[in-house]
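Enquirer: This note's numbering puts the first residue of the sequence shown at 1141, with every later residue one more than the last. Pasting a structure below so you can have a look.
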Amino acid sequence: MRSTVLALSGMSDLRQEYFGLIVLALFSPLAWIRKIETFKIGFMFGFAMIIVTVITISTFCISMNLGSTSTQDLTLEQRGFNPINYDTYFSTIGFFFFLFEGIGGLMPIMSATKDREVFPYLLCGALGFLCIMYIIFGELCYYTFGSGLTKPIIMEMMPADNPIIQVVKILFMINLVFSYPLTIFITNLILEGFTFKRMKQNTPTRKWLKNCQRSLVLGSGIVCAMYLRDSLDRIFALSGTLLGTTVVMAIPAICHYKLLAKTKGEKILDVALVVVAMNVMVFCTYRIII
């Protein structure tokens, strides 16, 4: 948003705090909405915009590769392309936990699904498609920029003064209007279950305190985005390592061991998953921090 406004207005700089206040004012009323069914049409628009963004960036990357003559005679190593980045290799483990652990977005969508019997098949298809797209898109971007890939968000590597990129950025910002309430829904629900469980139900005071808390959650995210944006890859990797290994692997295995495991083999498998999860968490956290 900031780079688009600067490119359109011709200004050299503008404080990011102003953009943070604008986002807070625009997104707070959306976070106050309790019925996520309100965003079902916007969800389809957001899905379409993700596809448009991926196609646009891929097209620019392909055109850069085809149109570049200065690097055609260089080897992949000379262009800064390394098959394995040993410095950040283990960070990708935590990052992938963050990518595929989408329970916060999955649960509200599942609750709004009309035919839930078909939902597991849709989920498997979506995960398979996402995995393929992550591989193809990541390889294409890395092949295009090599060691020159310095921004944590690939859109920032695109030419900010290009009209197509500006339009895509604006449309993608509209997508965030619909996707943010969906992704933050479970977070707000859990926090409100702790903070307001002793308060009287269905009162104006309770309602507006909930709204204030939702705005505080939004404000916290905005502050993190503004001041930690250059380290987003490490933050995502660390949060995926600490939370993904526990939420995705350890806690489900413990619950299965306590509630459902009957045979010795099932119990051994549950224990093995917990052990692997704890080792991955400790080792990857150590590698990311150092």
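For every residue, glycine included, the Cβ atom is placed at its ideal position computed from N, Cα and C.
1) DSSP on W1348, reduced to helix/strand/coil?
2) Just how far apart, CA to CA, sit N1342 and A1165?
3) Please list, in chain order, all residues of the same chain as I1314 whose beta carbon is under 8 Å from its beta carbon, the five residues on each side excluded.
4) Which stretch, first to last residue, makes up the alpha helix (DSSP H) that contains D1410?
5) Does the contact criterion of 3 or more C-beta pairs under 8 Å hold for the region 1349-1359 versus the region 1229-1237?
6) Please list the terminal residues of the continuous alpha helix (DSSP H) segment that includes D1255.
7) Span of the alpha helix (DSSP H) holding V1388?
8) Taking a contact to mean a Cβ-Cβ separation below 8 Å, would you say T1386 touches T1425 in this structure?
9) Is F1237 helix, strand or coil when you go by DSSP?
10) Among I1181, F1325, I1197 and P1169, whose alpha-carbon lies nearest the alpha-carbon of I1305?
11) Tell me the DSSP secondary structure of R1354 in three-state form.
12) Are at least three pairs of beta-carbons, each pair with one atom in the region 1406-1421 and one in the region 1324-1333, less than 8 Å apart?
Expert: To lay it out plainly:
1) helix
2) 25 Å
3) F1185 and M1189
4) K1404 to I1429
5) no
6) No alpha helix (DSSP H) holds D1255; DSSP gives it neither H nor E.
7) Element bounds for V1388: n/a, residue is neither H nor E.
8) no
9) helix
10) I1197
11) helix
12) no
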